[in-house]
Amino acid sequence: MIEAMSAWNVGLALPEWILTATALVALFYDARSPADDKKESIKWVWFGLLAATACVVIEWMGMKTGEKAWAFRGHFGFDAFSALLKTLFGLTAMMVLSIADHWLKRVDRGHAEFHLLTIFATLGMFFVCSVEDFAGLFVALELITISFFCLTAFKRNDERAIEAGIKYVVLGAIASSFLLFGIAFLYGATGSLRLDALGGVAEAFAHGGEDAPLLNFGLLLVIIGLGFKIAAVPFQVWTPDVYEGAATPVTAFLSMGSKAAGVTLLMKVARACLGDGAAGLATAAPWIIFIVVIAAATILYGSLGAMFQTNIKRLLGYSSIGHAGYILMGFAAFDQAGFAAIVYYLMAYLFTVIAVFAVVVIVNGVIRSHRIEDYSGLARRSPLLGFVLTCGLLSLAGVPPFAGFFGKFLVFRALIAKAGALGDMGPDYAAASVSTYTLAFIGAAGVVISLYYYLMVVKRIYMDAPPEGSEEQPIVAPQRLKGLLYACLAGIFLLGMVMGPFMALAESAAAALVAVH
Amino acid sequence: MTVGHVIVVAGILFTIGMMGVLARRNILVVLLSVELMLNATALAFCGFSRLVGNFDGQIMVFFIIAVAAAEVAVGLAMVIALFRLRLTVNVDRVDLLKG
Amino acid sequence: MIVVFFWIFAVLICGGALVAITRRSAVSTALFAVISFVGIAGEFVLMQAYFLAVVEVLVYAGAIMVLFLFVIMLLNLGEEDLRILRGPQLHWVGLVLGALFLSGLILTCRRAGLFEMPLEGGAAGETKALAVPLFSEYVLPFEIASMLLLSAIVGSVLLTKRRLH
Amino acid sequence: MTIHLFSLAILLVPLAATIRLFFVDPKQTARIHGIAKLATFIPLVVSFLMWMGYDTSGEKYQFVTDIPWVESIGLGLRLGADGITIAMLLLTSLVMFTGVYVSGSITDRVKEHYILLLGLGTGVFGVFLSLDLFFFYFFYELAVIPMFLLIGVWGSRAAQYSKEYATTKLTLYLTAGAVFALVGLLALYFQAPEGARTFDIRKLEAMGVDTDFQRVWFPVIFLGFAAIIPMWPLHSWSPIGHAAAPSAVSMLHAGVLMKLGAYGVLRIGYGLMPAGADHWMGWVALLCVMNILYGGMVAMAQRDMKFIIGFSSSSHMGYVLLGLATLGVTGVSGAVFLMFAHGIMTALAFGLIGFFYDQTHTRVLDDLGGMIKQMPFIGTCFVIMAMASAGLPGFANFASELLVIVGSWNAEYTLAGTSITVRYLPTIAAVWGLVVTGVYLLRAVRDAWFGPPNPRWDGLKDAVTFKQKMPFVVLILVLTYTGCFPGRLLDTIESGVRNVMERVEAAGAVDAAEVSPESAPDDEGAAK
Amino acid sequence: MAVFLGWLTLLAPLGAAVALTISPSLRNSSRGPKVAIASVLVSFFTALIFLIGGESIEYISRWSWMDLSTSDGDGLLIELGILVDPLSKMMLLVVGGVGSAIFIYALGYMKGDKSIGRFYAKFALFVFSMLGIVFATNFLMIFIFWELVGASSYLLIGYYYEKPSACEAAKKAFLTNRVADFGFLLGILMIYDLAGSFDFEAIEAAVVGNNLTSTNPAQLAFASFLIFLGAAGKSAQIPFHVWLPDAMEGPTPVSALMHAATMVAAGVYMVIRVFFCFGGVGSIDWGWAPEVIANTGAVTAFLAATIAMVQRDIKKVLAYSTLSQLGYMVMALGVGAYGVAMFHLTTHAFFKGLLFLCAGSVIHGCHHEQDMFQMGGLRKKMPTTFWTFTVGMLALTGIPPLAGFFSKDLVLDALHVRHFGGLQFVATVTAGLTALYMGRSWFLTFFGKYRGHAEVHESPKVMTFPLIYLAICSVLIGAVGYFGGFQEYMGDRAGRDIGVLHINASLAITSVFVALVGYGIAYLFFVKKPELADRAKARFSFVHRLLDNRYYIDDFYLWLVGSVQQSAAQFCRFIEERIVVRGMVGGTVAGTRFAADRTRRLQTGRVVFYAYLFLAGVTLAVCAMVLA
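Chains as they are written, first to last, in the numbering used here: chain A, 489 to 1005; chain B, 11 to 109; chain C, 8 to 172; chain D, 3 to 530; chain E, 20 to 647.
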């Protein structure tokens, strides 16, 4: 163990190296090749992503169950958890690039930059999965954030895109400052930047009743910083604006990639707070209540805010806030089951969100609008797109037999388990237990409210007549994206109906996360 | 002098930076205020580095500076793009996206 | 002695920042911010983080602020803009929030006993002392930071290019 | 892992047909109809075979299929049937089968219609067959969501409410109820000690649930299901939903979907939380009086035919609730039997209303009149339906309502939280409900069918072909057969109910033993 | 064999009804009615066989209909069955004997009606329902067929469904009965509570053996009163009498069948059947119930007779007359003279059936004219009808030696024996009124000059044959019954301590005298000096108006239904729409929408505001943490 941790073992980060190499080669390629043919040819970057992802999978296959490999003297870890999430990020990036190809064809500029920034962001996400200290955490997160700043404002001739970028930069930088300030306090509390150093202090606090103001303060600020990334209330305000303003493929990437990166880090921090005894802060009632309150507020904000939206991307922005709330429900559970639920939730979310945004991109390509009104009669103009979008929205709403349902189910399951467990822990935890149950009911209410606005879109798609004169104008999905749509559809249904194998993956990831090394 | 003093000074600077973000409408100044906040964290790291007695905190300051530089670069680039489009750097005018 | 310097630098930091965010002109804001950064560098020196102090002055007060000034000049805001963007317009809520946050922070420090921890003592943050862990333990974040900068460059170029091909 | 072909087939056939329909050219409507008919006929046959093969003195759950699904959390595709299930399966397959026949008038997006209809059917079958809490919820939602589109796309305006309003309200209500219940289901799952946690209803039954837990959580689960039943005052989605839905969907909705709630109360509420049921159902007996009388009174004030039947459904479901609240074999068997009877009856009603609505495009009584002249067959069927609904002997509704009333007469309803025991009162209200039912149904019959023929409707076409008549004839035959010879079906239901009620009665006995020493004198004083 | 015959008798009309309903060819052919007639004749012949068979054919056959009982006998068991005893045999004779005649008669009356098949299907169904009541072995079975009778009467009264008045009458009949059945079912349930069974045998055993769970007279009286409510509904006793006159909207054979022999008799029959619930046997005190019953009967008898005096419609006169006669039967029930009530029921069935059919014949002859003031002088044109009507009328008014004389005088005697002086007086006066209104219609219809316009003709043979048959019965059956030991045959149903009654000469002379006076007045008013009638009308206009408006009872009900019940319904609807839908649901929706709108407005689009929110969140969290 000690040996493993002190080794360099640079090869372990092969996927990251592949991505780095891809980025660098692309950069040179972009600089050297003539303008016209690199538009299309830059697509090879996609294969770099594929290679990196494949590399992750291969490494993952080669690992024994419960094994964790180390590199960079213990500052880079690789286990089932990071492998699964890296695969997810790789898939996300590949899918986003597929969507983006279609979109870029229309925009007809900046192909190389888009691909490059996507690779950089993905690289950040890969690192996020593996970092073991706050320095790496911070830098990797910033790599993602800065890439996204640029991606958000990618359409720099578009006022809305720039506006979204500005808002994102300003608020993102503030959030980063808070995150850093928090890390500083944690550093002060533990004397180390390592994540696992948190455990000891946390356990001492939770069990010994020792006051740990630095830990609490720092953790609070770290949660705020990461809460910004996952769009948790009250740090969610940027989400709808940025989602609306950014280019659609970027929004897709944001809603899955950026959020998932935040979630990954939160999971890592949360796990660190559990300590070796895996109980740590999970037994600290105030923290539970804190997360419960945030989760409840987030769910309600996301659900309520979306009700009156007329722009589908904005609606999805609010929906993304709501989902952050449900993911936070998993954090409120604060145990292995909760982590497994979150991982499953992310897997389900990936296919769902990509499916939805793919349809949005395709539809926008024809009708040049993101207004929900203009989706009227989509099912008549394109049965496939109508169906995929409906499945996607219903999956977002958390309705069986779609993937989103089982994710939500697991989250609820974990949360109620926690509520029950807290209830058994005695009168000190009564408030925590009650608030956790309350969160479950608020979550249930959120499901209903959110179902309402998703259904309003479905209503447009199926029940309303297409706008005047457009009945004859079918919307055709391009062949390549059709493949993507079918893949997402398969993912949505498989994760929603044949949960066993995916659940096993999620559980092994969570187990790896919680395991003591 | 104690570590607490350093942290408090960092906190004050952080708060001032935050106030700057709240008070100013010029995006450039807003970005600059954010830089103040980042610097405050750097100060805090250095202070805590003294407290715990290793250099990890100071190394963190490096990264902070690097990230701050990157953020500034991107932020300023965006301001330029905004100015080109709208001929303004007033954040209050940047409110197309709302509701 | 250190106490005196500490307070001088503290005043520089806070005063500079305060003045910076209340100046009408963006240029003077940037200049006063430099004062604040110099103050921070001073505090670094007091904490024997010499290398950081140098970096702070070079990178922050130097490069970054110059970049800021450069952009301010580039945009060449007219009189009208400056009038619109005049001075601070802080709502009292912001002040209250800031004060509350600050007092929370101070309270935390007190509870943690930070005011009993002397600043003096400990090893000096010389170049070598920092370089060794930076290029061994923290080489990974370092490399990530390099990618980050690369990304920022690509992004900045993308955003400010006047015309794409 | 055990597999029983029957229970699996009943679930998989509609599912397979749903998938098959995806790949059919939308223009081949005949083929689509064919697939749909086949996919509903096979479950009908299978459920009949299950009924015949069901051993009333055998195992509690028969035809068990148990396929591990997510083993780590104790989740499995567990299907099985007891007597209650069999009755519900028969009901569902009958209504589905006839529903497909009456929806022949649909011409717009036929393929999608049947995909959703069969998906809905899969969900309903799944709920009835599930022996797993998770899949119970899963299939339930699966049944609700297609409803949204079915009503929204193929439905019609319901009085002052648009079909979109109706369908949204319905979907949200049903989902809210279900999600509410889900929290309860999960709590039920977690009350088991670590390691023994499972969604398997059979295992949970065997393990038993802590009494205090039952008392706290029974209302949660009950309320969740009560929204679906629908219990007053959570009923307002139902009449509007009925009114807006197209024929086949109204049939399924009123005929089957509303039964899911009561079934859930029985299977999960009573099956797993007998003490909770024993504790709380007294209040339900009072609330269901509101269902019966209030529903009837509102129906009386309606002029839209579907609204009348819609409110009458909520009135009839009041009897189901009353039967459940009796906590006795007679009343509960009556309730289950009534679920069956009411399902068939309302399916018939909505099929008939749909039939003439397709031609008249109005259901408002004031516009109709004397139509039996133009549509003797449909009119006759409607009168028969009204008779059945009004609780006339010879139809299953009467037999089952009689059981409910007799069962309820002997029941004592203890209001939890108070020392009040109610007797007779709910029964008296229920009997009066029969009068109220008669009033609005006969009025509807008179206003729509009798009276001088209206020349406006001279062009109406009666059901003439076999295809048109078949669904109505089948439903009437079932209604009369089970009404005249309830024996076999009732035996089946009874065997299921007896298994459930044994536990409830045992819990009640324990409860009485706990309570009686100090509060016995109170009961005497509060009786009546 | 006898058991089989019993079931066959019960099911034959059902079979006919089903066959006629499902087979269009049978329905539209001339064979259809014959099948129905045959199915009713079965019950006539069975009745004869049973009566001839005497005690050797008395049995109970049971079939378990709904069985929820366990092996050790707990739980509910509902049976259907055939109970053959003197009472059901006699009732079967009434239903079969009168029913067959009416069925045959209808063949002529309904000739030419397009949907005669449908008519006979409903008719047969009605007979089936009635037979179910006759054969019932337990309370639930009687209730089941009770309801079926209600339903089939609904179908028959509303036969002319195109006539709004017919639909209304059908609905009224059904709902009035439903309201009464509300009481009936509750009564059944109370008895179930008391005796622990629905079965007549078991309940009787419990009553005789004093095994009831409660002997509180008030409770028992209430139970039997509730059961009587059911009877009052079917037998059209005040206050449930309103449906019967309206029910004349149905074809005349229907009126004859329902209002002479079957439906209205069912109420009385049921009370006789369960006489043990009314103090007929055993030593248990049933409280005030019998008295209420007797008084109800008296009030009904008197009020109906008075209303009958002012009716213009020949069938309505007979309808009120039926009410009045039922009042007699109920009076007899009230005083415990069950045998006498049954005797009057039997005779009444024949002569009232006869009268209705005669009226039908008149209506048929006058081309569906029902107003007596549009008739007159039909004596010559319709001799058979005239003579048979005369027989029926004399029987009804209790002129010896016709059937009504015996039965009505026994009722009077029963009242006398039980010292119900007041009731006896009312009954005697009513006998005079009966003669008065019957004489009035007799004179108006058959004497004087023809006042109508259409060509009048005698009815065909198929209609007059049943008239003659019933007339003969009406002449004979009273004497045969009285002297042939009808009351003894009814056994213990003759009453607990009333025993077998005999004609009391003084009572008989009084009643005959009163009847003759009635006829005299009728003759005076409607033949001798018609202007006298008008003058009386003018003189006592208040009374006339009261009678013409049927004591305003119908109007009261109309108000009750139209205003009170509709207002209640509208009130509920108001609650539904305003409070449940708009208030609860709408409130939730509005609340959510309000919250949603507020939430949305938080997104002002201004990044500075966002920063405020951000800082507010942080500060809130920090403060909470520091304070915690």
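Beta carbons: idealized from backbone N, C-alpha and C, even for Gly.
| Check | Outcome |
| --- | --- |
| Would you mind working out which of LEU520/E, PRO419/E, VAL59/E sits nearest MET149/E, comparing C-alpha positions? | VAL59/E |
| Return yes when the Cβ of ILE478/D is within less than 8 Å of the Cβ of LEU350/D, no when it is not. | yes |
| With distances taken from CA atoms, which of MET835/A, ILE860/A, ALA509/A is nearest ALA992/A? | MET835/A |
| Distance, Cα to Cα, LEU373/E vs THR404/E? | 10 Å |
| Can you round the beta-carbon distance between HIS35/D and GLY85/D to whole angstroms, since I take them to be within the 8 Å contact cut? | With a Cβ gap of about 34 Å, HIS35/D and GLY85/D do not count as contacting. |
| Does DSSP put THR638/E in a helix, in a strand, or in coil? | helix |
| With a cut-off of 8 Å on the beta carbons, I'd call GLY316/E and PHE370/E a contact; round off their distance for me. | Incorrect: roughly 19 Å between the Cβ atoms, too far for contact. |
| So the alpha helix (DSSP H) ASP86/E belongs to, where does it begin and stop? | Where ASP86/E is concerned, there is no enclosing alpha helix (DSSP H), although the beta strand (DSSP E) it sits in stretches over 78-86. |
| What residue range is occupied by the uninterrupted beta strand (DSSP E) comprising ASP464/D? | No beta strand (DSSP E) holds ASP464/D; DSSP gives it neither H nor E. |
| I'd like the span of the beta strand (DSSP E) that includes GLU98/E, first residue to last. | 96-103 |
| Measuring only from the beta carbon, is ILE311/D closer than 7 Å to any heavy atom that is part of the ligand GDP? | This structure does not include the ligand GDP; it has no bound ligands of any sort. |
| Leaving out five residues on either side along the sequence, give the residues of the same chain with a beta carbon under 6 Å from the beta carbon of LEU939/A. | ALA885 |
| Answer with buried or exposed for PHE444/E, where buried requires no fewer than 16 other C-beta atoms within 10 angstroms of its C-beta. | exposed |
| Report the neighbours of VAL626/E on chain C: residues whose CB is nearer than 7 Å to its CB, in chain order. | Near VAL626/E there are no residues of chain C at all, since even the closest Cβ is about 14 Å away, more than 7 Å. |
| Given a cut-off of 8 Å on the beta-carbon distance, is the pair GLY826/A and GLY813/A in contact? | no |
| Quick one, are the C-beta atoms of LEU753/A and VAL876/A less than 8 Å apart? | no |
| At a CB-CB cut-off below 9 Å, which residues of chain E make contact with GLY109/B? | ARG619, ARG620, GLN622, THR623, GLY624 |
| Put THR365/E into one of helix, strand or coil per three-state DSSP. | helix |
| Just the Cα atoms here: how many angstroms apart are GLY27/B and GLY22/C? | 12 Å |
| In three-state terms, what does DSSP make of THR364/D? | coil |
| For PRO437/A and chain E, any beta-carbon pair shorter than 8 Å? | With chain A covering only 489 through 1005, there is no way to say anything about residue 437/A. |
| What did DSSP end up calling ALA529/D once you bin it into helix, strand or coil? | Confidence in ALA529/D is poor, its pLDDT being 41 and thus under 50, which makes the residue's placement too unreliable to answer from. |
| DSSP state of ARG33/D, grouped into three classes? | helix |
| Taking the C-alpha atoms as reference points, what is the distance between THR464/E and MET394/E? | 5 Å |
| Show which residues of chain E have a CB atom less than 7 Å away from the CB atom of TYR296/D. | CYS591 |
| Just verifying my parser: in three-state terms, what is the DSSP assignment at TRP165/E? | helix |
| Just mark ASN235/E as buried or exposed, buried being the case when its beta carbon has 16 or more other beta carbons within 10 Å. | exposed |
| What's the call for THR87/D, buried or exposed, on a 16-neighbour Cβ count within 10 Å? | buried |
| Within 8 Å (strictly less), CB to CB, does ASP729/A reach chain B? | yes |
| For ALA647/E, would you say it is in contact with chain C, using Cβ-to-Cβ distances shorter than 8 Å as the test? | no |
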